[in-house]
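Okay, structure first, notes after.
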Amino acid sequence: MPRFTSPHDPTAFKLLVWEIVRQVPAGRVTTYGRIAAMIPPPAGMNAKSYLAFGSRWVGGAMVACPDDLPWQRVINAQGMISSRPGAGKQRELLENEGVEFNDRGRIDLKEYGWAGSPEKWLKAHGLLPPPAFSKK
DNA sequence: GTTGTGACATCGC
DNA sequence: CGCGATGCCACAA
1 MPRFTSPHDP
11 TAFKLLVWEI
21 VRQVPAGRVT
31 TYGRIAAMIP
41 PPAGMNAKSY
51 LAFGSRWVGG
61 AMVACPDDLP
71 WQRVINAQGM
81 ISSRPGAGKQ
91 RELLENEGVE
101 FNDRGRIDLK
111 EYGWAGSPEK
121 WLKAHGLLPP
131 PAFSKK
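Taking our numbering, I'd label the letters of the first sequence as residues 1 to 136.
Spelled out as structure tokens, the structure:
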């Protein structure tokens, strides 16, 4: 698999994603889409397009997968672990944190989903708070 | 320049 | 609720 698509500033985007992932407390999970919604879309890009692909770029940022990153707490919007190397390990880690999986191997986002409030440090990074990402 | 693709999201059936 | 089809792009080969 290639380097996957990267944002205008791959490094900054990845770092930002990682920072957000780091905010996720143990026993909680968040989704790619939610992370993407926390990051302001690049100027000149349609919010629509960003919504469609932002989540993928988040995944692309996770490809680097630093060891100190709780990558296991990042799942897709369906509450499932995405197909990726180490999926079994991810489930193990999450269960160890107290996250429960139902029979389908899915997580109840209403129960374990992490809303997060990254606006503080987002401003600290000199970034604008995510505009209208009001899920439609 | 063209083609394939990707740790996704959403809508429709 | 589940599975299939579609869309979107700042890429890489």
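Glycine included, C-beta positions come from ideal geometry on N, C-alpha and C.
Measure the CB-CB distance between residue 28 and residue 114 and report whether it falls below 8 Å. yes
Anticipated Cβ contact below 8 Å, residue 79 with residue 106, distance rounded: 4 Å
Spatial neighbours of residue 116 in its chain, beta-carbon cut-off 8 Å, leaving aside the 5 residues before and after: 20, 23, 24, 30, 34 and 38
Coarse secondary structure for residue 81, derived from DSSP in three states: coil
How would you call residue 17, buried or exposed, if buried means at least 16 neighbouring beta carbons within 10 angstroms? buried
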